[in-house]
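For the sequence shown, the tail end lands on 181 under the working numbering, and the numbers increase by one without skipping.
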Amino acid sequence: MALKATIFKASLQIADIDRNHYHEYPLTLARHPSETDERMMVRLLAFALFANEQLAFGKGLSSDDEPDLWQKDLTGVIELWLEAGLPDEKRLRQACGRAQQVVVLCYGSAADVWWSQQRSKLERLTNLTVLRLPVEGSQALARLAERTMTLQCTVQDGQMLWTGGDQTVAVEPLTWKPAAA
1 MALKATIFKA SLQIADIDRN HYHEYPLTLA RHPSETDERM MVRLLAFALF
51 ANEQLAFGKG LSSDDEPDLW QKDLTGVIEL WLEAGLPDEK RLRQACGRAQ
101 QVVVLCYGSA ADVWWSQQRS KLERLTNLTV LRLPVEGSQA LARLAERTMT
151 LQCTVQDGQM LWTGGDQTVA VEPLTWKPAA A
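Below, the structure is given as structure tokens:
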């Protein structure tokens with residue numbers, strides 16, 4: 001018998017001073033049986049970093065055809081494709097062909113090795129951005145995970161400050177590869 005996803009509910013208040021975006025989002029996250037709290041919270045961080053009304057969670061680990069998050073326009077054109085983790089180059093090439101903008105949020109201790117192996121192949125993808133999350137930040141974010149969460153995220157000068165309950169976590173994504181202008 002197949003294991004089912006675990007459902008998490010998050011009330012996420014975002015104050016993104018960099019983008020002048022202030023909103024509260026009631027979110028439902030399905031955590032795949034093979035997904036860790038850290039990966040799920042990185043998906044939530046990706047939502048906070050690019051939040052808007054059209055941004056939605058995809059099937060992620062459950063599908064090869066969908067990202068972790070995406071944003072489509074009213075005609076179905078994929079404007080933004082967000083991946084969490086260390087996806088292979090083929091998947092990113094396909095995503096860059098389907099979406100106007102692709103962003104990878106790398107995390108974990110293997111991210112540096114992944115980047116050194118993938119960098120030369122990914123540099124030629126002009127609509128790809130690669131962001132690196134510090135190991136301490138993504139692990140601390142994972143400790144905020146609860147089945148029902150009330151979180152606040154403030155984004156200012158590229159830094160993210162997360163508050164949940166009595167815990168505060170600071171995460172500053174590092175840009176390894178910006179998309180071409």
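All residues carry an ideal CB built from backbone N, CA and C; glycine is no exception.
(request) Can you check DSSP and say which residues form a bridge with L3? (result) Counted from its first residue, the sequence shown places residue 3 at position 3. Its beta-bridge partners do not exist; DSSP assigns none.
(message) When you compare the CB positions of W162 and C106, do they come within less than 9 Å of one another, or not?
(response) Looking up residue 162 in the sequence shown gives position 162. Looking up residue 106 in the sequence shown gives position 106. Taking 9 Å as the Cβ cut-off, W162 and C106 do not qualify as a contacting pair.
(request) Could you name the residues of the same chain whose beta carbon sits closer than 6 Å to that of V155, not counting the 5 residues immediately before and after it, in chain order? (result) Locating residue 155 in the sequence shown gives position 155, where the first residue counts as 1. Same-chain partners within the cutoff: D16, D18.
(request) Could you tell me whether the Cβ atoms of R98 and W81 are closer together than 9 Å? (result) Taking the sequence shown and counting its residues from 1, one reaches residue 98 at position 98. Taking the sequence shown and counting its residues from 1, one reaches residue 81 at position 81. Closer than 9 Å, so yes.
(request) Write down the C-beta distance between I14 and A48 rounded to the nearest angstrom, noting that I regard them as a contact closer than 8 Å. (result) For this step, residue 14 is matched to residue 14 along the sequence shown. For this step, residue 48 is matched to residue 48 along the sequence shown. With a Cβ gap of about 5 Å, I14 and A48 count as contacting.
(message) Could you tell me which whole alpha helix (DSSP H) segments of length 4 or greater appear in the stretch 24-81?
(response) 37-50
(message) Rounding to the nearest angstrom, what Cα-Cα distance links Q100 and V42 in this structure?
(response) Numbered from 1 along the sequence shown, position 100 holds the residue referred to as residue 100. Numbered from 1 along the sequence shown, position 42 holds the residue referred to as residue 42. If you take the alpha carbons of Q100 and V42, they lie about 22 Å apart.
(request) For the stretch 116-148, list the beta strand (DSSP E) runs that are entirely contained and at least 3 residues long, ordered along the chain. (result) 128-132
(message) Considering only their Cβ atoms, is the gap separating P26 from S11 smaller than 9 Å?
(response) Here residue 11 refers to the residue found at position 11 when the sequence shown is read from its first residue. Here residue 26 refers to the residue found at position 26 when the sequence shown is read from its first residue. It is a contact, given that the beta carbons lie within the stated cut-off.
(request) Hey, could you find the ends of the alpha helix (DSSP H) G97 is sitting in? (result) In the sequence shown, counting from the first residue as 1, residue 97 sits at position 97. 89-98 is the span of the alpha helix (DSSP H), which, as asked, contains G97.
(request) Would you tell me roughly how many angstroms separate the C-alpha atoms of Y22 and A51, rounded to the nearest one? (result) On the sequence shown, residue 22 is found 22 positions in, with the first residue counted as 1. On the sequence shown, residue 51 is found 51 positions in, with the first residue counted as 1. Each residue's alpha carbon lies about 9 Å from the other.
(message) Do R132 and L69 have their beta-carbon atoms positioned less than 9 Å apart in this structure?
(response) Counted from its first residue, the sequence shown places residue 69 at position 69. Counted from its first residue, the sequence shown places residue 132 at position 132. Not closer than 9 Å, so no.
(request) Could you have a look at A111 and say whether DSSP puts it in helix, strand or coil? (result) Within the sequence shown, numbered from 1, the residue matching residue 111 stands at position 111. In the structure shown, A111 sits in a helix (DSSP, three-state: H, G or I).
(request) With DSSP as the reference, label D166 as helix, strand or coil. (result) For the purposes of this step, residue 166 is identified with residue 166 of the sequence shown, where counting begins at 1. If DSSP states are grouped into helix, strand and coil, D166 belongs with coil.
(request) Express the C-alpha separation of G58 and T36 in angstroms, rounding to a whole number. (result) Against the sequence shown, residue 36 aligns to sequence position 36. Against the sequence shown, residue 58 aligns to sequence position 58. Each residue's Cα considered, the two are about 17 Å apart.
(request) Would you mind sorting G165 into buried or exposed? The rule is 16 or more other CB atoms within 10 Å of its CB. (result) Along the sequence shown, read from residue 1 onward, the residue named residue 165 stands at position 165. Answer is exposed; the Cβ neighbour count stays below 16.
(message) Could you give the first and the last residue of the continuous beta strand (DSSP E) run that contains L86?
(response) Taking the first residue of the sequence shown as 1, we reach residue 86 at position 86. Segment: none, L86 is in no beta strand (DSSP E) and carries neither H nor E.
(request) Whole angstroms is fine: what's the gap from L86's alpha carbon to V104's? (result) Indexing the sequence shown from 1 puts residue 86 at position 86. Indexing the sequence shown from 1 puts residue 104 at position 104. Rounded to whole angstroms, L86 to V104 spans 8 Å at the Cα level.
(request) Using 10 angstroms around the beta-carbon of P67, count the other beta-carbons present and answer buried if the total reaches 16, otherwise exposed. (result) Looking up residue 67 in the sequence shown gives position 67. Result: buried.
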